[in-house]
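In this note's numbering, the protein residues as written are 16 to 341. Using N, Cα and C, we set each Cβ at its ideal position, and we do this for glycine too.
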């Protein structure tokens with residue numbers, strides 16, 4: 016039987032430590048590669064979750080739905096006789112004082128043409144409207160300080176819309192003249208108190224109708240009108256004929272408007288009692304102080320940044336000073 020020599024045994028012994036060392040080195044290298052790869056992937060995932068984005072300018076408006084009661088300077092004009100209405104001045108047309116805006120035609124056997132015509136003359140200048148609700152003298156500017164909505168709601172509205180050929184009676188209101196040279200008062204009734212910041216209350220406030228297709232600028236006349244916290248009185252100077260008819264109108268009140276750069280509310284990071292954000296500066300996370308101009312529905316308008324500023328939207332994933340290459 017073949018027996019290994021002492022020399023062969025020594026060679027084998029000398030070779031074993033080298034193999035073990037090579038395996039150890041390979042293991043360390045593999046572990047280092049895996050560790051670095053894991054760290055790289057982890058950092059990429061964290062950078063992605065942090066959601067760094069460049070700030071974008073924008074506007075936040077706070078809008079509150081309201082039901083408006085329109086109080087106009089209206090003068091009712093009555094029919095002089097029983098008869099059929101003949102319209103001369105069209106609905107929405109502005110007439111001067113003394114103008115013949117309509118006529119009442121009365122059958123007459125004494126007339127050669129078989130009828131007698133009685134003119135309806137306007138006692139003042141304004142815009143003609145043949146849409147009446149019987150509340151013209153109730154919702155009047157001179158009655159504003161005495162308006163009691165609870166009692167007014169019990170007054171029966173008698174809506175009438177007179178057109179050419181309508182049968183009218185003597186003394187019956189057939190149209191009204193709206194003084195469009197004075198403001199319309201809008202009594203806004205809301206489900207909650209209108210929280211209008213002082214700096215906005217002193218300027219014109221946007222009132223929007225028909226899903227923002229019509230926007231008017233109104234002045235705030237009185238908060239908590241007649242002691243009711245959910246009632247606010249506005250004055251509207253510039254308006255069109257679309258507000259000459261309806262007594263009630265649904266609309267929205269823009270109680271505040273903020274311009275600046277918009278970020279999620281969660282992007283705000285407080286430091287020593289100051290509001291700030293995490294930005295990316297030289298590939299590292301850096302805290303930067305900002306001023307909050309306003310907020311609404313999870314969004315915040317800030318100032319103190321530039322258009323090039325990158326903001327971390329989810330700061331809970333990072334810390335100040337951490338490398339950031341995303």
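Exercise. Cα-Cα, which of 195, 117 and 237 is closest to residue 178?
Worked result: Position 163 of the chain shown, counted from the first residue, corresponds to residue 178. If we check each option's Cα against that of residue 178, 117 comes out closest.
Problem set entry | Close Cβ partners of residue 285 (< 8 Å) along its chain, the five nearest in sequence each way excluded | The sequence position of residue 285 within the chain shown is 270, counting from 1. Within the same chain, residue 285 has close Cβ partners 291.
Problem set entry | Three-state secondary structure (DSSP) of residue 333 | In the chain shown, residue 333 corresponds to position 318, counting from 1. The answer is coil: DSSP assigns residue 333 none of H, G, I, E or B.
Problem set entry | Which listed residue (260, 74, 193 and 89) has its alpha carbon closest to that of residue 312 | Translated into positions along the chain shown, residue 312 becomes position 297. The option with the nearest alpha carbon to residue 312 is 74.
Problem set entry | Stretch pair the stretch 141 to 154 + the stretch 189 to 200: three plus CB contacts closer than 8 Å | yes
Exercise. Taking Cβ to Cβ, would you say residue 68 is nearer than 8 Å to residue 328?
Worked result: As a working note, residue 68 is residue 53 in the chain shown. As a working note, residue 328 is residue 313 in the chain shown. In this structure, the beta-carbon distance from residue 68 to residue 328 falls below 8 Å.
Problem set entry | Cβ separation of residue 70 and residue 324, assumed to be a contact under 8 Å, to the nearest whole Å | Counting from one through the chain shown, the residue named residue 70 turns up at place 55. Counting from one through the chain shown, the residue named residue 324 turns up at place 309. The Cβ separation is near 5 Å, so the contact holds.
Problem set entry | According to DSSP, residues forming a beta bridge with residue 290 | Start at 1 with the first residue of the chain shown, and residue 290 comes out as number 275. Per DSSP, 285.
Problem set entry | Buried/exposed call for residue 184, threshold 16 Cβ in 10 Å | As a position in the chain shown, residue 184 is number 169, starting the count at 1. Exposed: under 16 other Cβ atoms inside 10 Å.
Exercise. In chain order, which continuous runs of the alpha helix (DSSP H) of length 4 or greater are located wholly inside the stretch 90 to 151?
Worked result: With a minimum length of 4 residues, no continuous alpha helix (DSSP H) run stays inside the stretch 90 to 151.
For this session: Count the other CB atoms, across all protein chains shown, that sit within 10 Å of the CB of residue 320; report buried if there are 16 or more and exposed otherwise.
Result: To locate residue 320, count along the chain shown from 1; it is residue 305. Classification of residue 320: buried, given that the 10 Å Cβ count is 16 or more.
Exercise. Just reading off the beta strand (DSSP E) that residue 78 is part of, what are its end residues?
Worked result: As a working note, residue 78 is residue 63 in the chain shown. Counting along the chain, the beta strand (DSSP E) containing residue 78 begins and ends at 71 to 86.
Exercise. If we ignore side chains and look at the alpha-carbon of each, how far apart do residue 159 and residue 197 end up?
Worked result: Working through the chain shown from its first residue, we reach residue 159 at position 144. Working through the chain shown from its first residue, we reach residue 197 at position 182. Distance between the alpha carbons of residue 159 and residue 197: 15 Å.
Problem set entry | Residue range of the alpha helix (DSSP H) that includes residue 177 | Here residue 177 refers to the residue found at position 162 when the chain shown is read from its first residue. Element bounds for residue 177: n/a, residue is neither H nor E.
For this session: Check each candidate in 208, 254 and 241 and name the one with the smallest Cα separation from residue 224.
Result: Taking the chain shown and counting its residues from 1, the one referred to as residue 224 is at position 209. Out of 208, 254 and 241, 254 has the C-alpha closest to the C-alpha of residue 224.
Exercise. Pairing CB atoms from the stretch 269 to 277 with CB atoms from the stretch 300 to 315, are three or more of them under 8 Å?
Worked result: yes
Problem set entry | Classification of residue 134 by the beta-carbon crowding that lies within 10 angstroms, buried from 16 upward | If you number the chain shown from 1, residue 134 lands on position 119. Exposed, because fewer than 16 other Cβ atoms sit within 10 Å of the Cβ of residue 134.
Problem set entry | Cβ-based neighbour list, residue 304, same chain, cut-off 6 Å, excluding 5 preceding and 5 following | Translated into positions along the chain shown, residue 304 becomes position 289. Counting only Cβ-Cβ distances below 6 Å, and skipping sequence neighbours, we find 289 and 291.
For this session: Check whether the Cβ atoms of residue 136 and residue 97 lie closer than 8 Å to each other.
Result: By one-based count along the chain shown, residue 136 stands at place 121. By one-based count along the chain shown, residue 97 stands at place 82. In this structure, residue 97 does not lie closer than 8 Å to residue 136 by Cβ.
Problem set entry | Buried/exposed call for residue 336, threshold 16 Cβ in 10 Å | As a working mapping, residue 336 is identified with position 321 in the chain shown. Label assigned to residue 336: exposed.
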